[in-house]
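Under full-length UniProt numbering, think of the first position of the sequence shown as 1, with each following residue one higher.
Ideal Cβ placement from N, Cα and C applies to all residues, glycine included.
Below is one structure; the comments refer to it alone.
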Amino acid sequence: MNRETTAIDPLPSLARRYRQQPMSLSKQVRVQQALRHLIEQEWPSGMKLPSHRDICRELGLARNTLAGAVTALVEEGLLMTGHGQGTWTHRPPSGVSLPERPSLDGLSGRARELLSQPGAAEVQSGAFVPGIPDIAQFPMRKWRQLYASVTVPQNALLLSYSTGGYGPLKRAIRDFLRRWRHFDCDSEQIIITEGTHNGLELCALALADSGDQVAMESPCYWGARNVFTASGLRIGMVPWYPGEGHRVGAGISPRLLYLTGSQHYPLSVPTSKEDKQALCERLSPDYIIEDDYEFNGQPDTRLVFDPRSRNHILAGSFSKLLFPGLRLGYLVVPHHLAATISRLRSEVFREGRMLDQAVLATFIANGDLDLWYQRIQKEYLARQQVMHDQLCQVPAIIQVSAPSRAISLCVQFADQVDDVRVTRQLLRHHFIVKPLSVVCAPGDRRSGLILGVGMLDRDSLRKEAIRFREVLKRLTV
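The structure is reproduced here in structure tokens:
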């Protein structure tokens with residue numbers, strides 16, 4: 001490493017920046033924030049810091065307080081130390097960079113349309129990346145034990161195809177929905193899918209032709225929009241404003257209507273059953289698909305889904321409840337469509353993942369899913385409260401979604417803030433968020449950020465939330 005010694009004295013700037021930190025923060029956080037800002041914004045990389053003794057004397061710190069801050073910044077890669085040699089600044093590269101988008105030459109029209117609009121983020125891990133649950137605390141030991149219990153010689157049939165899904169899993173999901181979503185359906189109505197996207201693709205294939213229209217709320221879940229676009233459907237967007245209802249424009253006459261479940265995604269606010277019912281009556285779609293994407297376990301369900309209806313479908317997934325790599329979900333479809341859609345799935349996609357399905361069935365039947373979710377939803381609520389308190393201090397933010405047991409939250413900016421620009425700049429500080437404006441309809445001028453709370457434990461999230469607040473303040477002035 002090339003280490004420089006600069007002629008400037010860093011103590012005055014450090015003391016000044018330290019005094020500018022809020023007095024409500026601990027001394028360790030204050031000096032850590034001051035050092036981080038100076039390393040990232042002012043000091044050159046490779047500059048040797050004064051001795052710890054001198055810094056402590058200048059700032060009035062205890063040695064262990066400074067040591068804690070230095071250790072944290074070493075772990076972040078902003079400081080480097082050598083035994084008996086001192087401490088040097090290490091300014092990281094400009095930040096996470098997105099890979100260049102590949103050429104669209106030679107692709108189909110649908111592929112070009114899909115890849116030219118904002119979709120799944122190229123970066124899927126980092127502070128506040130949306131849509132990712134807490135996988136660090138998941139009871140993996142229990143999961144491995146269940147795998148061992150189902151992978152025995154007499155279960156060789158689990159290595160074959162299935163038809164509509166593993167029977168015990170369908171029954172376990174039926175009982176789970178009765179407990180948590182308060183409706184009764186038959187296990188024959190449940191079709192096991194490889195996640196929600198696969199379920200939506202199956203609905204588009206079974207229930208709509210290329211060129212048909214699907215209506216979606218604005219803002220929308222971009223993953224669902226991408227699936228429908230890839231299926232050759234036309235997207236008609238209907239802005240929804242909590243407390244005000246839907247604003248239906250001209251040209252909306254859909255074959256399918258796609259809605260989010262009890263918790264709107266990405267606004268991360270409770271949906272309105274009355275608003276959704278009014279929209280269904282006004283648009284009169286042939287089929288209504290409700291996606292329980294942000295499952296939040298609230299007892300007062302706001303679903304319009306009716307298992308006795310002939311045109312209501314519920315899509316659900318365990319990727320957000322458990323872990324993303326599981327890729328298992330389900331559809332609850334009308335009785336008269338169940339056998340047909342199940343056969344269509346077998347003809348087009350085939351079916352498998354029987355070992356995974358057997359493990360999940362046992363996990364649910366034993367009560368492990370309920371215990372896990374009851375535990376982790378309390379943790380999500382605590383993290384949301386931390387984020388809410390910090391984000392409310394940013395002047396450019398005019399609205400923050402209320403703390404909930406979901407893994408995502410949303411903030412909305414004042415009109416003059418360019419959320420796409422802010423998102424790109426946040427990436428340089430290793431914050432992975434999504435701009436709200438890119439999932440809004442043309443004419444829907446809302447801007448903001450979509451964030452997640454699943455990737456950081458509560459202690460780490462508290463520290464990063466403070467840093468995020470300070471960075472966001474600078475970027476939105």
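Which runs of the beta strand (DSSP E) fall wholly inside the UniProt domain "HTH gntR-type" (25–92) and span at least 3 residues, in chain order? List check, beta strand (DSSP E) in window: 79–82 and 86–89.
Can you check which of these residues, Ala127, Met47, Thr65 and Ala402, is closest to Arg458 by C-alpha distance? Nearest of Ala127, Met47, Thr65 and Ala402 to Arg458, Cα basis: Ala127.
Here's a check: name, in chain order, each residue in its chain whose Cβ is nearer than 8 Å to the Cβ of residue 492, leaving out the five neighbours to either side. Residue 492 lies beyond the range of the chain shown here (1 to 477); nothing can be said about it.
Range of the contiguous alpha helix (DSSP H) that encloses Val150: Element bounds for Val150: Met140 to Val150.
Look up Lys378 in the DSSP assignment and give the residues it is bridged to. DSSP lists no bridge partner for Lys378.
Excluding the five sequence neighbours on either side, which residues of its own chain have a C-beta within less than 6 Å of the C-beta of Tyr265, listed in chain order? Once the five neighbours on either side are set aside, the close Cβ partners of Tyr265 are Tyr221, Tyr293 and Glu294.
Rounded distance between the beta-carbons of Gly329 and Ser342, thought under 8 Å: That pair is no contact at about 15 Å.
Assuming Met455 is part of the alpha helix (DSSP H), what are its boundary residues? Segment: none, Met455 is in no alpha helix (DSSP H) and carries neither H nor E.
Distance CB(His429)-CB(Val471) smaller than 7 Å: Contact: yes.
Going by DSSP, name the residue or residues bridged to His246. As a beta-bridge residue in DSSP terms, His246 pairs with Trp240.
When the Cα of Pro285 is compared with those of Leu104, Ala215 and Arg302, which residue comes out closest? In terms of CA proximity to Pro285, Ala215 leads the group Leu104, Ala215 and Arg302.
Close-in-space but distant-in-sequence residues of the same chain around Val333 (CB under 7 Å, 5 per side omitted): Same-chain partners within the cutoff: Gln189, Ile191, Ile313 and Ile341.
Note the first and the last residue of the continuous alpha helix (DSSP H) segment covering Asp306. Taken as a continuous stretch (DSSP letters only), Asp306 belongs to no alpha helix (DSSP H), as it is neither H nor E.
Any heavy atom of the ligand HEM within a distance shorter than 6 Å of the CB on Ile190? The ligand HEM is not part of this structure, which contains no ligands at all.
Between the Cα of Phe138 and the Cα atoms of Trp88, Gly77 and Tyr373, which residue gives the shortest distance? Among Trp88, Gly77 and Tyr373, the Cα nearest to that of Phe138 is on Tyr373.
Report yes or no: do three or more beta-carbon pairs, one from the segment 268–277 and one from the segment 247–256, lie closer than 8 Å? No contact exists between the segment 268–277 and the segment 247–256.
So what does DSSP say about Ser218, is it helix, strand or coil? Looking at Ser218 - three-state DSSP - the assignment turns out to be strand.
Determine the closest residue to Leu59 out of Ala15, Glu379, Leu326 and Ile398, with distance taken between C-alpha atoms. If you compare the alpha carbons of Ala15, Glu379, Leu326 and Ile398 with that of Leu59, the shortest gap goes to Ala15.
Around the C-beta of Ser262, are 16 or more other C-beta atoms found within 10 angstroms, so that it is buried, or is it exposed? With 16 or more Cβ atoms within 10 Å of its Cβ, Ser262 is classed as buried.
So, using beta-carbon positions, are Ile132 and Leu78 closer together than 7 Å? Leu78 is positioned such that its CB atom lies no closer than 7 Å to that of Ile132.
Using a Cβ-Cβ cut-off of 7 Å (strictly less than) and excluding sequence neighbours within five positions of Tyr380, which residues of its own chain qualify? Leaving aside the five residues that flank Tyr380 on each side, the residues in its chain whose CB is nearer than 7 Å to its CB run, in chain order, Arg405, Ala406, Ile407 and Val453.
Is Asp368 helix, strand or coil by DSSP? Under the three-state reduction of DSSP, Asp368 is assigned to helix.
Exposed or buried, what is Pro12 when buried is set at 16 or more other beta-carbons lying within 10 Å of its beta-carbon? So Pro12 counts as exposed.
Under three-state DSSP, which class holds Gln384? Three-state DSSP puts Gln384 in a helix.
If I measure Cβ to Cβ from Leu369 and keep anything under 6 Å in the same chain, skipping five residues before and after, which residues do I get? Here the set comprises Phe363.
Helix, strand or coil for Gly119, going by three-state DSSP, please let me know. Here the model assigns Gly119 a pLDDT of 49, short of 50, so the residue's position is not dependable and the matter cannot be decided.
To the nearest angstrom, how far is it from the Cα of Gly119 to the Cα of Leu321? Confidence in Gly119 is poor, its pLDDT being 49 and thus under 50, which makes the residue's placement unreliable; the coordinate value appears in the next sentence. Between Gly119 and Leu321, the C-alpha separation is close to 22 Å.
Would you call Asp186 buried or exposed, if buried means 16 or more other Cβ atoms sit within 10 Å of its Cβ? With fewer than 16 neighbouring CB atoms inside 10 Å of its own CB, Asp186 falls in the exposed class.
First and last residue of the uninterrupted beta strand (DSSP E) at Ser408: Counting along the chain, the beta strand (DSSP E) containing Ser408 begins and ends at Ser408 to Phe413.
Please name the residue or residues paired with Val332 in a DSSP beta bridge. Its beta-bridge partners are Ile190 and Leu314.
Are there 16 or more other CB atoms within 10 angstroms of the CB of Ala361, so buried, or fewer, so exposed? Per the 10 Å Cβ criterion, buried.
What are the boundary residues of the beta strand (DSSP E) that includes Asp212? Element bounds for Asp212: n/a, residue is neither H nor E.
Rounded to the nearest angstrom, what separates Met23 and Met47 at their Cα positions? Their backbone Cα atoms lie some 28 Å apart in a straight line.
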